[in-house]
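Structure, as C-alpha cells:
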Amino acid sequence: MEDRSAKYRAFYAQLICSAAKSADPRLEEAFRTVRREPFVGPGPWSICLGGHPYVVTPDDDPAFLYQNALLALDPARGLNIGMPGAHAYWLTGCAVREGETVIQIGAGSGYYTAILAHLAGPRGRVHAYEIDERLAGLARDNLKDVAHVDVRDRSGIGSNLPAADVIYVCAGAAQPAAEWLEALRPGGRLVFPLAPESTLGGMLMITRPDGGAIWPAKFLSRAQFIGCAGLQDADAARRLAEAFARGWEGVQSLRREGAPDETCWFAGEGWWLSTAPAPMPVVSVQPHADITQA
Numbered sequence: 019m020e021d022r023s024a025k026y027r028a029f030y031a032q033l034i035c036s037a038a039k040s041a042d043p044r045l046e047e048a049f050r051t052v053r054r055e056p057f058v059g060p061g062p063w064s065i066c067l068g069g070h071p072y073v074v075t076p077d078d079d080p081a082f083l084y085q086n087a088l089l090a091l092d093p094a095r096g097l098n099i100g101m102p103g104a105h106a107y108w109l110t111g112c113a114v115r116e117g118e119t120v121i122q123i124g125a126g127s128g129y130y131t132a133i134l135a136h137l138a139g140p141r142g143r144v145h146a147y148e149i150d151e152r153l154a155g156l157a158r159d160n161l162k163d164v165a166h167v168d169v170r171d172r173s174g175i176g177s178n179l180p181a182a183d184v185i186y187v188c189a190g191a192a193q194p195a196a197e198w199l200e201a202l203r204p205g206g207r208l209v210f211p212l213a214p215e216s217t218l219g220g221m222l223m224i225t226r227p228d229g230g231a232i233w234p235a236k237f238l239s240r241a242q243f244i245g246c247a248g249l250q251d252a253d254a255a256r257r258l259a260e261a262f263a264r265g266w267e268g269v270q271s272l273r274r275e276g277a278p279d280e281t282c283w284f285a286g287e288g289w290w291l292s293t294a295p296a297p298m299p300v301v302s303v304q305p306h307a308d309i310t311q312a
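All the letters of the sequence shown, read from the start, carry residue numbers 19 to 312 under the numbering used here.
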C-alpha cells in the first residue's frame with residue numbers, strides 16, 4: 019500500500035504544483051514527501067470540492083486522498099484539510115526559505131504544518147497554533163517526529179508570539195491581528211485570509227519593510243475559510259463583501275497610520291488598504307481569480 023501511496027503522491031505533487039505555477043522544486047518535493055494518510059485518519063473519508071456536499075469514499079484506497087479536494091476532519095463543523103492546489107499557490111507566494119522561522123495559525127491536524135516544516139528545513143522552525151484541543155492533540159501526535167516543529171494548543175492572536183519570517187494563517191479574519199504584524203521580522207511575509215466567517219474574501223500577503231507605516235500588500239486570490247476566533251466583525255464582513263464586489267486586484271499597500279484617502283480600498287480600525295504602491299515593491303505574484311476554498 020505504501021508503494022501505491024508514493025505513486026499517487028508523486029503525480030498529485032506534480033499536478034498541483036504545475037497548476038500553482040510554482041518554480042520552486044522544494045514545494046513539489048514537500049507535497050510528494052508528506053503523506054496525507056496520518057493527518058486525515060482511517061478511511062473511508064468524507065471529501066468535497068469547495069461549496070459542495072461531502073461525498074464518502076467507497077473504501078480506504080489512498081488514491082482518494084491525493085485529489086485537489088477538501089478532506090473532512092469534522093464534517094459536522096465544516097473543518098477540513100484545505101484544498102492543496104490553493105495552498106500550493108499561496109505557499110508559492112510567500113516563498114518559505116530554508117532556515118526561516120514560520121508561524122502557522124490554525125494548524126488543524128498538522129498536514130500543512132508538515133509541508134511548512136519541509137520547506138523551512140531542519141535549520142528552520144515552525145510554531146503551529148491550534149485552538150481546538152482535539153485537533154491540536156492530533157497535530158502534536160502526527161508531528162512528534164519532526165524536531166523543528168512545536169504545536170501550541172492555544173489561540174494564535176495572543177501576546178508573546180515568537181519573531182517570524184513567515185506567518186501563514188488558515189482561518190478567516192476581518193483584520194490582520196496586531197500581534198501578527200508585530201511578530202514579523204523585516205522582510206517577513208504575513209499571508210492570511212481577509213475573509214470573516216461565511217464571507218468570500220481574499221488571501222492577502224503583507225510584507226514588513228525595514229521601517230515606516232506603509233507596507234507592501236497584495237491579494238493572491240479569493241479565499242473562504244472557517245473563522246478565526248477573536249477576529250470576527252459583522253460590519254466589516256458586510257463592507258468587505260462590498261469592497262470585493264468592486265474588485266480586489268488593485269490593492270498594493272497596507273497603511274498603518276494616516277487618514278484614508280482616495281486610494282483607499284478598505285479601511286479598518288487603525289489600518290487601511292490602498293491601491294497606491296508602497297516604497298518597497300510588492301513581490302511579483304500574479305493574482306489567481308479561480309482559487310477560493312481552503
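Idealized CB from N, CA, C, for every residue including glycine.
Is lysine 39 helix, strand or coil by DSSP? Of the three classes helix, strand and coil, the one that applies to lysine 39 here is coil, per DSSP.
Cα-Cα separation, alanine 196 to arginine 50: A straight line joining the alpha-carbon of alanine 196 with that of arginine 50 spans about 35 Å.
Check whether the segment 145-156 touches the segment 195-212, counting contact only when three or more Cβ pairs, one atom from each stretch, lie closer than 8 Å. No: fewer than three Cβ pairs fall under 8 Å.
Compute the Euclidean distance between the alpha carbons of serine 64 and arginine 273, then round it to the nearest angstrom. The alpha-carbon separation between serine 64 and arginine 273 amounts to approximately 42 Å.
Start and end of the alpha helix (DSSP H) containing arginine 257? Taken as a continuous stretch (DSSP letters only), the alpha helix (DSSP H) holding arginine 257 covers 252-263.
Quick one: any contact between the segment 111-122 and the segment 86-101, if contact means 3 or more CB pairs under 8 Å? The segment 111-122, when compared against the segment 86-101, does not touch it at the 8 Å Cβ threshold.
Reduced DSSP secondary structure (H/G/I, E/B, other) of lysine 236: Correct three-state label for lysine 236: strand.
C-alpha gap between glycine 100 and glycine 68, whole angstroms: For the pair glycine 100 and glycine 68, the Cα-to-Cα distance works out to about 9 Å.
For isoleucine 224, which beta-bridge partners are listed by DSSP? Paired residues: Leu208 and Ala235.
With DSSP as the reference, label glutamine 32 as helix, strand or coil. For glutamine 32, the three-state secondary structure derived from DSSP is helix.
How long is the line joining the alpha carbons of serine 292 and alanine 81, rounded to whole angstroms? Roughly 44 Å separates the two Cα atoms.
Look at glycine 206 and valine 184 and say whether their C-beta atoms are less than 8 Å apart. Here glycine 206 is near valine 184, since their CB atoms are less than 8 Å apart.
Restricting to Cα atoms, I'd like to know which of Gln242, Ile123 and Pro194 is closest to isoleucine 224. Isoleucine 224 has its Cα closest to that of Pro194, out of Gln242, Ile123 and Pro194.
Would you call the CB atoms of arginine 226 and tryptophan 233 closer than 8 Å? Taking 8 Å as the Cβ cut-off, arginine 226 and tryptophan 233 qualify as a contacting pair.
Among Trp108, Ala138, Gly248 and Gly268, nearest to histidine 166 - alpha-carbon criterion: When the alpha-carbon of histidine 166 is set against those of Trp108, Ala138, Gly248 and Gly268, the nearest one is in Ala138.
Go ahead and pull the three-state DSSP assignment for proline 305. Confidence in proline 305 is poor, its pLDDT being 48 and thus under 50, which makes the residue's placement too unreliable to answer from.
Does the segment 124-144 come close enough to the segment 256-276 that 3 or more CB-CB pairs lie under 8 Å? Cβ pair count under 8 Å is below three, so no.
What is the DSSP secondary structure of valine 269, reduced to helix, strand or coil? Of the three classes helix, strand and coil, the one that applies to valine 269 here is coil, per DSSP.
Who are the near neighbours of isoleucine 34 in its chain, counting only those whose CB is closer than 7 Å to its CB and skipping five residues on each side? In chain order, Phe49, Asn86, Pro102, Gly103 and Ala106 place their CB closer than 7 Å to the CB of isoleucine 34, counting only its own chain and leaving out the 5 sequence neighbours on each side.
Which stretch, first to last residue, makes up the beta strand (DSSP E) that contains tyrosine 147? Under the DSSP assignment, tyrosine 147 falls in the beta strand (DSSP E) whose first and last residues are 143-147.
Cβ shell of arginine 170 (< 6 Å), same chain only, five flanking positions each side left out: Listed in chain order, the non-local C-beta contacts of arginine 170 below 6 Å within the same chain comprise Tyr147, local neighbours out to five positions each way being set aside.
Please state whether DSSP places valine 300 in a helix, a strand or coil. Bear in mind that a pLDDT of 48 at valine 300, under 50, signals an unreliable position, so the model cannot answer this.
Could you spell out where the alpha helix (DSSP H) holding aspartate 159 opens and where it closes? Per DSSP, aspartate 159 belongs to the alpha helix (DSSP H) from 151-160.
Pick from Gly230, Glu215 and Ala231 that is closest to alanine 259, judged by C-alpha positions: For alanine 259, the closest C-alpha among the options Gly230, Glu215 and Ala231 is that of Glu215.
Arginine 22: buried (16+ other C-beta within 10 angstroms of its C-beta) or exposed? Arginine 22 is exposed by the Cβ-count criterion.
Quick check: the Cα distance between glycine 176 and glycine 248, rounded to an integer number of angstroms? The alpha-carbon atoms of glycine 176 and glycine 248 are separated by roughly 10 Å.
Contacts around alanine 191, its chain only, beta-carbon distance under 8 Å, and the 5 residues preceding and following it disregarded: Contacts found: Phe210, Pro211, Leu212, Ala213, Pro214, Gly245, Cys246, Leu249 and Gln250.
Could you check what DSSP says for leucine 291 in three-state terms: helix, strand or coil? Annotated three-state conformation of leucine 291 is strand, per DSSP.
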